[in-house]
Amino acid sequence: MSPSLLQLRSVGKSFGSTRAVRALDLDLGAGEVVGLIGENGAGKSTLIKILSGVHTPDSGTISLNGNAVQFSSPHEAMDAGIATIHQELAYCGHLTVAENLLLGEHWPRHAWGGVDWARLHEEAARQLARCQLNISTQKAFSDLTAAQKQEVAIARSLNRNAKLLILDEPTASLTEPEVVRLFAHLERLRSEGVAILYVSHRLDEILKLTNRIVVLRDGELVASYRTAEATVSRMVKDMVGRPLDQVYPRSRSPQKGEPMLELDGVSLAGLFENISLKLHAGEILGLAGLVGAGRSELARAIYGLYPCHAGAMRLKGRPWSPRGADEALAAGLVYLPEERKRHSLVLEHSVRDAISIGFTDRLTRWGMIRVNDERRAVAESMQRYDIRAGSADQPIGTLSGGNQQKAILARWLERKPDVIILDEPTRGVDVGAKAEIHQLIDRLAGSGRAVLLISSDLPEVLGMSDRILVLHHGAVAAEFTGDAMTQENVILAASGLHLARP
Amino acid sequence: MTHGRLSPSLRQRLLFLLAGNFLLLVGIAITMKQGGSFAEVLTRCGPNVAPVVLAGLGMTGIICTGAIDLSIASIIVVSGTVFGILVQRQWPPLLCFVACIGTALLLSAANGLLIRKLRLPAIIITLAGLALYRGVALVLADVSIPGFGGSIDIQRDEYHAPGKQFATLILLGTLGSALIWEWFAVTPRRWLALGSSEESCRLAGLNPHAIRQSAFVVGGLFLGIAAVIYVTQIQFIEPARLALGFELQVIGAVILGGTNIFGGEGSYAGTALGALFLYFTGQWMTYAGVSPYFQEAITGALIIGVIGLDCALHRKRKRMEELA
Amino acid sequence: MRHWLLPLILLAEIAFFTALSGQSFSSTADAVSYFRSYFADLLCQSAPVLLIAFGMTIVLMTAGIDLSVGSMVALVACVMASFPAGPEFWWTAVPLGLALVLLLGATNGALIAWLDVPPIITTLGTMILYRGLCFVVMGDLEKSPFLSVPGYEWLGQVSGAALLLIFTFGLAGFWLKRSRWLREILMLGGNPIAARYAGIPVSRRLIQTYGIVGLLAFLAALTFTARNSSVSASSLTGLELQVIVAVVLGGTRVQGGAGSMLGTFYGVLIIAVMDEGLRGAAQWGSRNLPFKISHLEYILLGMLLIAGVWLNTRERSTAKTPPSK
Chain A
0 MSPSLLQLRS
10 VGKSFGSTRA
20 VRALDLDLGA
30 GEVVGLIGEN
40 GAGKSTLIKI
50 LSGVHTPDSG
60 TISLNGNAVQ
70 FSSPHEAMDA
80 GIATIHQELA
90 YCGHLTVAEN
100 LLLGEHWPRH
110 AWGGVDWARL
120 HEEAARQLAR
130 CQLNISTQKA
140 FSDLTAAQKQ
150 EVAIARSLNR
160 NAKLLILDEP
170 TASLTEPEVV
180 RLFAHLERLR
190 SEGVAILYVS
200 HRLDEILKLT
210 NRIVVLRDGE
220 LVASYRTAEA
230 TVSRMVKDMV
240 GRPLDQVYPR
250 SRSPQKGEPM
260 LELDGVSLAG
270 LFENISLKLH
280 AGEILGLAGL
290 VGAGRSELAR
300 AIYGLYPCHA
310 GAMRLKGRPW
320 SPRGADEALA
330 AGLVYLPEER
340 KRHSLVLEHS
350 VRDAISIGFT
360 DRLTRWGMIR
370 VNDERRAVAE
380 SMQRYDIRAG
390 SADQPIGTLS
400 GGNQQKAILA
410 RWLERKPDVI
420 ILDEPTRGVD
430 VGAKAEIHQL
440 IDRLAGSGRA
450 VLLISSDLPE
460 VLGMSDRILV
470 LHHGAVAAEF
480 TGDAMTQENV
490 ILAASGLHLA
500 RP
Chain B
0 MTHGRLSPSL
10 RQRLLFLLAG
20 NFLLLVGIAI
30 TMKQGGSFAE
40 VLTRCGPNVA
50 PVVLAGLGMT
60 GIICTGAIDL
70 SIASIIVVSG
80 TVFGILVQRQ
90 WPPLLCFVAC
100 IGTALLLSAA
110 NGLLIRKLRL
120 PAIIITLAGL
130 ALYRGVALVL
140 ADVSIPGFGG
150 SIDIQRDEYH
160 APGKQFATLI
170 LLGTLGSALI
180 WEWFAVTPRR
190 WLALGSSEES
200 CRLAGLNPHA
210 IRQSAFVVGG
220 LFLGIAAVIY
230 VTQIQFIEPA
240 RLALGFELQV
250 IGAVILGGTN
260 IFGGEGSYAG
270 TALGALFLYF
280 TGQWMTYAGV
290 SPYFQEAITG
300 ALIIGVIGLD
310 CALHRKRKRM
320 EELA
Chain C
0 MRHWLLPLIL
10 LAEIAFFTAL
20 SGQSFSSTAD
30 AVSYFRSYFA
40 DLLCQSAPVL
50 LIAFGMTIVL
60 MTAGIDLSVG
70 SMVALVACVM
80 ASFPAGPEFW
90 WTAVPLGLAL
100 VLLLGATNGA
110 LIAWLDVPPI
120 ITTLGTMILY
130 RGLCFVVMGD
140 LEKSPFLSVP
150 GYEWLGQVSG
160 AALLLIFTFG
170 LAGFWLKRSR
180 WLREILMLGG
190 NPIAARYAGI
200 PVSRRLIQTY
210 GIVGLLAFLA
220 ALTFTARNSS
230 VSASSLTGLE
240 LQVIVAVVLG
250 GTRVQGGAGS
260 MLGTFYGVLI
270 IAVMDEGLRG
280 AAQWGSRNLP
290 FKISHLEYIL
300 LGMLLIAGVW
310 LNTRERSTAK
320 TPPSK
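Residue numbers (numbering that gives the first Met the number 0), protein chains in the order written: chain A, 0 to 501; chain B, 0 to 323; chain C, 0 to 324.
1. Please return the same chain residues whose Cβ sits closer than 8 Å to the Cβ of A/L470, not counting the five positions on each side in sequence.
2. Which of the residues in the stretch 280–305 of chain C, read from start to end, lie with their CB under 9 Å from any CB of chain B?
3. Please state whether the Cβ-Cβ distance between A/D203 and A/Q86 is less than 8 Å.
4. Which stretch, first to last residue, makes up the beta strand (DSSP E) that contains A/S343?
5. For the beta strand (DSSP E) containing A/K12, list its first residue and its last residue.
6. Could you tell me whether the Cβ atoms of B/G256 and B/L272 are closer together than 8 Å?
7. If you draw a straight line from the C-alpha of A/S141 to the C-alpha of A/Q147, how long is it?
8. Run through the DSSP bridge pairs and tell me what A/D465 is partnered with.
9. Secondary structure at A/L243, three-state DSSP: helix, strand or coil?
10. What residues from chain A crowd round C/R35, counting only those whose CB sits closer than 9 Å?
11. For the beta strand (DSSP E) containing A/Y197, name the first residue and the last one.
12. What residues from the stretch 355–368 of chain A come within 9 Å of chain C, judged by C-beta to C-beta, listed N to C?
13. Comparing alpha-carbon positions, which option in C/A30, C/G189, C/V244 lies nearest B/L126?
14. Once you ignore the five residues that flank C/L97 on each side, which residues in its own chain have a CB closer than 6 Å to its CB?
15. Residues in the same chain with beta-carbon distance under 8 Å from C/A171, minus the five sequence neighbours each way, listed in chain order, please.
16. Taking only runs that begin and end inside the stretch 255–325 of chain A, name each unbroken beta strand (DSSP E) of 3 or more residues, in chain order.
17. My guess is that C/L74 and C/L41 are in contact by the Cβ rule of under 8 Å, so how many angstroms apart are they, rounded?
18. Select from A/A128, A/A145, A/E75 the residue whose C-alpha is nearest the C-alpha of A/Y90.
19. Quick one: list the residues of chain E neighbouring A/G113, beta-carbon separation under 9 Å, in chain order.
20. According to a CB-to-CB cut-off of less than 9 Å, which residues of the stretch 309–332 of chain A neighbour chain C?
21. In angstroms, rounded to a whole number, what distance separates the CA positions of A/P458 and A/P169?
22. If you follow the alpha helix (DSSP H) that A/E478 is part of, which residue opens it and which one closes it?
23. Which same chain residues, not among the five before or five after A/R363, have their C-beta less than 6 Å away from its C-beta?
24. Using the Cβ count rule (16 or more neighbours within 10 Å means buried), how would you classify B/V305?
25. Report the neighbours of C/L110 on chain B: residues whose CB is nearer than 8 Å to its CB, in chain order.
26. So the alpha helix (DSSP H) B/I179 belongs to, where does it begin and stop?
27. Out of curiosity, what's the CA-to-CA distance linking C/P118 and B/I122?
28. Leaving out five residues on either side along the sequence, give the residues of the same chain with a beta carbon under 6 Å from the beta carbon of C/L132.
29. Please state whether the Cβ-Cβ distance between C/A76 and C/A280 is less than 8 Å.
30. Should C/P117 be flagged as near chain B, meaning a C-beta pair shorter than 8 Å?
31. Taking just the CA atoms, how far does B/F165 sit from B/Y158?
32. So, at 6 Å on beta carbons, what are the nonlocal neighbours of C/A112 in its own chain, with the 5 sequence-adjacent residues on each side left out?
33. Can you give the Cα-Cα distance for C/M126 and A/D325, rounded to whole angstroms?
34. Using a Cβ-Cβ cutoff of less than 6 Å, which residues in the same chain neighbour A/P56 once the five nearest sequence positions on both sides are dropped?
35. Where does B/Y132 fall in DSSP's three states?
36. Looking only at its chain, what residues have a beta carbon closer than 8 Å to the beta carbon of A/D372, apart from the 5 residues adjacent to it on each side?
In structure tokens:
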């Protein structure tokens, strides 16, 4: 192995009572491409944030080229030579490529003091050429494609002498040829001696690109081996690391009721295409796929928040083309969105308000909410769903993630809906609450509700679902039932490695 | 060679305004009754638009960073009052003008500083400034001028020089230098960078607060020049009534000129053309016999119409992106 | 904290200005009659502001702002003033004014909700537009048909103003506090994305909100014209600033998602008392101050606004931090 560029020794970071990363040791050598894999919540993003200067670790040391370093801002990390390309790039859309590339640098000047634009663009073009990019420096940055933006971001960090490049799910919004180009760039950088930490869910990419693979699980580094020795099944086993069947409740008998939700060739330009599915009463249908595969977008379309450009939907046998979420709610369809804080909550509103907003339309007289009924309903649902809060008047933002999630579930389930779409229902939720939510989902299906379960947590989607549909690049890649529902199959289908069996 | 520095939408707006101004001038020429002089329309244009254009240049920079200044009219009032007081004390004209500019510069910088220190939205700080500064001007006049009766009379001609004789010259000079500065300086590009992404400024090691502050300081300079022209055009400086609604004219011109109200996009040329557009519209309406009472209403409708259209165009995409 | 702070400030203010105005009481009865007329005056004087502030509170709860309120009240007053006086005023000018003002408010709402024009820009534009229309309607005239309308005067008196205020702050306030409608408004103000996921018809609610401001502008125009008896095209300029300062002072955040009608009520009164008090203290001021004391009002208004917003933001940031475990 080449001499160590970056050294992490027993680095740890906790948020409240959850230990996101614990006692982590990691070495990276110059010219090495390391693939970092792990399930959602394994601590990958915390590790990235520590390295890129967003979080300061609670314990442990980081050394770069043998010198101990400590970053208090992303800018400091970048100065030290660690550049991070996030999934969401920060850029100034209305400025030109050249200006974005050289923002914060010294701009070349004429003798009389004015900025020498010609030389600025030359300099930018030279920097782009060094990375073998052929992008007009005159273009507004917002006019670039997603791949070009990323390429410029990479070029920018290299021109600031980045020694370590961290890429977080860089291919989520790229097309196949663009991925090939990206890999060519990364390959060349590696040969120039840049170390690359490549974080991705796409195991095929990891296998293709990296020299070494490290696996995170529950905040710990559980495995590290040369890519040549890796196989998909080994990686999956290391990522998951626990047997499946014992954790997940399954009280109901596998029986199919009436079809509750039917999709026939539904498409939305650029997001998903020609998707057909049938969801029956009493069934849990898992929807698996990578980030950006179009799962949430599909759910939003069913829920009436996105339009559909083609295809037809039926809800409970009737044609279904909602113009807003209010229609979906009235028709007995609810959707639990993926990001609690962004999509569901006003953090400073009380627990009571946060729960009752879902069903107070049924508790009103002359537009006024019957306060006592509301109190009782909220108290009951807090008990039923075991939402632990000091009082119902407490701001919802002060609750733990699990309790917040249960509150949002209570909000919708009190409506007694027939069709329930759950988008990442256990993301960022502690183990106890996770088990409770799983039991709840099982009970829902047992009582004849139709559940569409979107989850990136593989064991969860495998353990909970009766049937699994895998999306890849906005299209249905495969459907698995029974014994075919294995982690390998789902991961392969989600990565597009394996063509769908009919 | 274009430097690719004007976005297509901005370029489109500039062309629209150029064509609009041209058409308005043609309209004025056609509807002008006999005896009216077209040359006079043009010569009068300079002094009349100078305050709005100059204050607009400052406002453009401020809005580009994603902030706004609602207090500019009141700042002009303080500048004007200081000017009036010094005139009453018979200071030499040049010193009075400098003091007028300096006051505006100081107050605008104070706005920037307050926003920076209190971490409050610019709109709130400057809304407060709108009331506060006018009060300061009134108290200042009361304290400094014995027997202050509500207005300060500026009689001697030399004190009217910037507004009456040299307004067009000052306007063209300032606008010209501003355009050159905008083209060749780093600071205006940093304002735009801040307006489009504070995050990337931070990542590039730039201090967002300092950048925003600089927009207020430069804005204060332009506002000071605007104030000098504004207050030297009039005979009486009445702190209670001076420049009422001026901030709306200026913001209207800036927005009409294609500056994005949320920051990140804008140009001095657009602001100047926007101010001209509003002015010529008024002139044309006057010549066409439209009652002067209609003019304010039409101005309001114009601003809403142009901006409404702009917002409506990228509405659908924004809606979907928001939900993601 | 504000629950007791605001009334306390109000009381202290009243005491301070009463002392400053040099008022002396020979007996309790004297004091009672003085304060009775003082409060009656205060209520009538601030009725239009109170009515508008009620609407502005809802607007701020949606994280919006309405700068056009002053122009809106003036416009409806101007339009009504151009009708001939007499009993028929009640079934010509009044219903027409109501329809007009609902249209004006809904125009604001539609621009904001349907075209996605930011509230501050929309209402800045309509502020100019509506004010311009005032001049279209009135020119430079000042008209005063109102007091020739039978029964109109009552609206400006204590009983009329009190009735309107009881109706809005009492009845409507009572309904609002318990209504699902307000819950939806608060949610869309606090997190518009979450509101859409929760199935709240955001556009409809926004249009309704600005429509309600229109309705209240109509009531404000009635009380204003009944008390002042005349109106001109430039009446009520700067009303929006006063109203916004009052609402913010009452504890409503400009960032949306929270607000208090009671706080707004106190906020308006605090400013009205200050306004009256400075006027009443003119004599004291001319003896002791080198400037007109009424000029302080602008300065105080500005400082109150900054102080109010600063306090609101601070309260919020302390409320946001979760308690330590």
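For every residue, glycine included, the Cβ atom is placed at its ideal position computed from N, Cα and C. Being a predicted model, the structure only gives us computed values, none of them experimental.
Taking the geometry as given:
1. Only F271, I274, L286, A287, G288, A292, G293, R294, L297, A476, A493 meet the Cβ criterion.
2. L288, P289, F290, K291, S293, H294, L295, E296, Y297, I298, L299, L300, G301, M302, L303, L304, I305
3. no
4. First-last for A/S343: undefined, no H or E at that position.
5. 3–14
6. yes
7. The straight-line gap from Cα to Cα measures roughly 10 Å.
8. In the DSSP output, where bridge partners are listed per residue, A/D465 has none listed.
9. Confidence at A/L243 is low in this model, with a pLDDT of 49, below 50, so the placement of that residue should be treated as unreliable; the coordinate-derived value is given next. In the three-state scheme derived from DSSP, where H, G and I count as helix and E and B as strand, A/L243 is classed as coil.
10. By Cβ distance, chain A contributes nothing, its closest Cβ being about 35 Å from C/R35, past 9 Å.
11. 194–198 is the extent of the beta strand (DSSP E) around A/Y197.
12. S355, I356, G357, T359, D360, L362, T363, W365, G366, M367, I368
13. C/V244
14. F217
15. F53
16. If only complete runs of 3 or more residues are kept, the stretch 255–325 of chain A shows the beta strand (DSSP E) at 258–267, 271–279, 283–288, 309–314, in order along the chain.
17. Not quite, the Cβ-Cβ distance comes to about 26 Å (not below 8 Å), so this is no contact.
18. A/A145
19. Absence of chain E from the displayed structure is noted, the protein chains being A, B and C.
20. G323, A324, D325, E326, A327, L328, A329
21. Each residue's Cα considered, the two are about 24 Å apart.
22. Here A/E478 belongs to no alpha helix (DSSP H); instead the beta strand (DSSP E) covers 474–480.
23. Note that residue 363 of chain A is Thr in the sequence shown, not Arg. Excluding positions up to five away in sequence, the list is empty.
24. buried
25. I303, G307
26. 166–183
27. 12 Å
28. Cβ neighbours of C/L132 within its own chain (closer than 6 Å, five residues either side excluded): L74.
29. no
30. yes
31. 12 Å
32. S202, L205, I206
33. 33 Å
34. V10, K12, I49
35. helix
36. L362
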